[in-house]
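*Asks:*
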Amino acid sequence: MHPFVSYILQRYYTVTGWNEDNHYSNLCRSSEAILSPPSPPGLTLHLSALPTPHFGSSYTLTALPLLKGSLGYVFSSREDLGIKNSEKVELEEMVERFGVGKVGGGKDERREVWMGGERCDGRDYLLYARLYIPSSRLDALYTTRLSPTVQLTVTGVSTPPRRPALPSLLSTNPYQPPPQHRQDGGGGAYEEINNLMAVLQHDNGRTCSEYSWSAEDGMFGIRTLHNFGELGGGGGASFANTASLAGGFGAGASSECDQPKVASLSATSPTPASAQRRIDEEDAIWGGTGLRGRFSAGGEGYFSLKQRSAGVSLALRFATLPPPLTHLAPSLPVTPPSPSHPLLPSSPPTTLTLTFSPLTGHLSTAYAAKISRDVAVASRFGFNVFSYGSGWEAGGEWWVRDDEGKVKGVIKAKTSSESDLSLSWEGRLHSCLVAIGVVADFKDSAKPLRGVGIDIGYFSAGSGAEQTRNE
1 MHPFVSYILQ RYYTVTGWNE DNHYSNLCRS SEAILSPPSP PGLTLHLSAL PTPHFGSSYT
61 LTALPLLKGS LGYVFSSRED LGIKNSEKVE LEEMVERFGV GKVGGGKDER REVWMGGERC
121 DGRDYLLYAR LYIPSSRLDA LYTTRLSPTV QLTVTGVSTP PRRPALPSLL STNPYQPPPQ
181 HRQDGGGGAY EEINNLMAVL QHDNGRTCSE YSWSAEDGMF GIRTLHNFGE LGGGGGASFA
241 NTASLAGGFG AGASSECDQP KVASLSATSP TPASAQRRID EEDAIWGGTG LRGRFSAGGE
301 GYFSLKQRSA GVSLALRFAT LPPPLTHLAP SLPVTPPSPS HPLLPSSPPT TLTLTFSPLT
361 GHLSTAYAAK ISRDVAVASR FGFNVFSYGS GWEAGGEWWV RDDEGKVKGV IKAKTSSESD
421 LSLSWEGRLH SCLVAIGVVA DFKDSAKPLR GVGIDIGYFS AGSGAEQTRN E
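Numbers 1 to 471, taken from the UniProt record's numbering, label the letters of the sequence shown in order.
1) Among the candidates Val-410, Asn-195, Asp-217, Asp-203, whose CA atom is the shortest distance from the CA of Leu-429?
2) I think Glu-93 touches Tyr-7, with their Cβ atoms under 8 angstroms apart; what is that distance to the nearest whole Å?
3) Confirm, please, whether the CB-CB distance from Gly-451 to Ser-48 is below 9 angstroms.
4) From what residue to what residue does the alpha helix (DSSP H) around Glu-393 run?
5) Measuring straight from C-alpha to C-alpha, what distance separates Gly-290 and Ala-319?
6) Can you have a look at Asp-444 and say buried or exposed, based on whether 16 or more other CB atoms are within 10 angstroms of its CB?
7) Can you check DSSP and say which residues form a bridge with Tyr-302?
8) Find out if the Cβ-Cβ distance for the pair Asp-434, Met-1 is shorter than 9 angstroms.
9) Does the stretch 404-421 touch the stretch 10-22, meaning 3 or more C-beta pairs lie closer than 8 angstroms?
10) Helix, strand or coil: which one does DSSP assign to Ile-8?
11) On the DSSP letters alone, give me the boundaries of the alpha helix (DSSP H) that Ile-34 sits inside.
12) Within the same chain, show all residues whose beta-carbon is closer than 6 angstroms to that of Leu-316, passing over the 5 residues directly before and after it, in chain order.
13) What would DSSP say about Gly-462, mapped onto helix, strand or coil?
14) Quick check on Asn-26: does DSSP put it in helix, strand or coil?
15) Can you find the residues in the same chain that come closer than 6 angstroms, C-beta to C-beta, to Gly-156, ignoring five residues on each side of it along the sequence?
16) Can you tell me whether Asp-441 sits near the ligand FAD, meaning its C-beta is under 8 angstroms from at least one heavy atom of the ligand?
17) Measuring alpha carbon to alpha carbon, tell me which of Val-100, Gly-462, Ile-454, Gln-307 ends up nearest Ala-63.
18) Do you know offhand how far Thr-371's Cα is from Phe-383's?
19) Would you call the stretch 202-211 in contact with the stretch 14-23, where contact means no fewer than 3 C-beta pairs closer than 8 angstroms?
20) Can Leu-35 and Ala-378 be called in contact, C-beta distance under 9 angstroms?
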């Protein structure tokens with residue numbers, strides 16, 4: 001279940017038009033959503049509120065296995081985020097789930113503010129900070145849109161120094177030395193953990209590049225993801241230059257995909273001679289069982305000046321495109337297919353990914369597909385070309401609905417070659433969002449149950465936020 005602050009950040013990206021799916025770091029997001037089911041640590045409670053359209057607060061308490069907590073605050077320049085209460089929010093927005101994702105850069109949707117004949121609206125931004133208790137660790141985030149295609153994100157973490165505890169007067173061995181701690185070499189103070197990281201992202205739709213810098217270890221990094229084929233906007237993607245991948249992955253469209261708003265062809269619609277199928281034409285040209293989608297390729301590289309270390313990875317992704325046609329009102333005009341834009345059947349939402357790290361020799365392939373309206377499956381295989389070690393993972397998610405077809409929750413299951421099993425349920429109980437996770441290890445016959453966790457969250461949007469959303 002997404003935390004409240006993550007929900008606000010997701011809404012902020014949606015309102016400002018920034019496309020997270022076009023990041024290299026989210027290349028394997030579809031399979032990760034299924035193969036990484038939530039396993040909450042112990043019992044965790046979340047209480048959050050958005051009293052104004054711009055400002056929100058969040059409080060977290062973990063009772064098991066250790067008692068700890070945190071409090072956080074978030075502020076956004078946008079007042080039209082559309083935040084809903086935990087009782088009314090769609091579960092699809094709060095759960096990490098399978099999805100093909102959008103392709104193309106985001107659109108800067110800032111509201112124009114004019115004063116004296118000049119535009120004076122500022123940049124959109126979001127501020128977030130969280131303090132953890134009792135460790136006193138402080139996390140902070142600042143993100144802003146510098147231009148329609150450029151976004152800057154700065155994150156920081158700070159942990160105060162710790163000093164050794166005084167020896168107890170009731171100790172049975174008063175001569176026992178205190179535990180050893182790392183020292184910073186100045187005045188007996190103990191090491192602080194401070195880090196500042198900046199990420200500059202440039203996304204023009206075709207290519208998304210990310211440039212990062214970390215202050216703690218002096219690490220510089222670059223990531224890039226390039227999309228091949230034509231870029232379609234709003235679900236009306238062109239199918240002229242899309243790739244075709246043969247294979248029997250099934251058929252059927254997903255309601256989750258964005259569908260272009262054009263009318264479906266009737267059986268009596270005229271078809272030009274140039275678009276008619278020849279008797280010797282292969283099935284793959286007119287559909288058959290192939291998948292039609294778009295390829296994306298990318299890579300990342302980083303180098304640390306302090307540790308004198310480097311890393312490189314390469315990746316390739318294939319994702320199906322949304323269905324080309326859908327039925328609307330029969331009164332709308334119908335355009336017959338043409339040679340440049342033929343009528344193609346829809347493909348099941350599917351993603352295939354391949355990642356490779358040349359330095360470590362790790363190769364990973366993943367497959368994820370939605371086989372029905374409420375069921376999606378995924379599998380992943382990893383292999384090391386140096387040690388010849390391998391492993392696999394397989395899982396699925398099932399969206400449970402009531403008699404009216406409304407989503408009540410989602411059940412996820414995952415197993416792997418390590419003989420482990422993870423089960424989770426995420427849904428809503430009354431006004432609260434609940435996540436329950438169980439992890440088992442069948443290799444340990446003495447204690448097969450590794451852990452059980454329950455996560456309960458409740459948040460509310462104040463009258464100001466509700467009024468802004470209704471407007």
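Virtual Cβ for every residue (Gly too), placed ideally from N, Cα, C. Given the structure is predicted, the values throughout are model-derived calculations rather than measurements.
*Replies:* Inspection of the coordinates gives the following:
1) Val-410
2) 7 angstroms
3) no
4) Per DSSP, Glu-393 belongs to no alpha helix (DSSP H); it is in the beta strand (DSSP E), 390-401.
5) 13 angstroms
6) exposed
7) Gly-221, Gly-311
8) Per the sequence shown, the amino acid found at residue 434 is Val instead of Asp. Cβ distance < 9 angstroms, so Val-434 and Met-1 count as in contact.
9) no
10) helix
11) 29-35
12) Ala-297, Leu-354
13) coil
14) helix
15) Ala-140, Leu-196
16) The model depicted lacks the ligand FAD and carries no ligand whatsoever.
17) Ile-454
18) Contrary to the premise, residue 371 reads as Ile rather than Thr in this sequence. Each residue's Cα considered, the two are about 27 angstroms apart.
19) yes
20) yes
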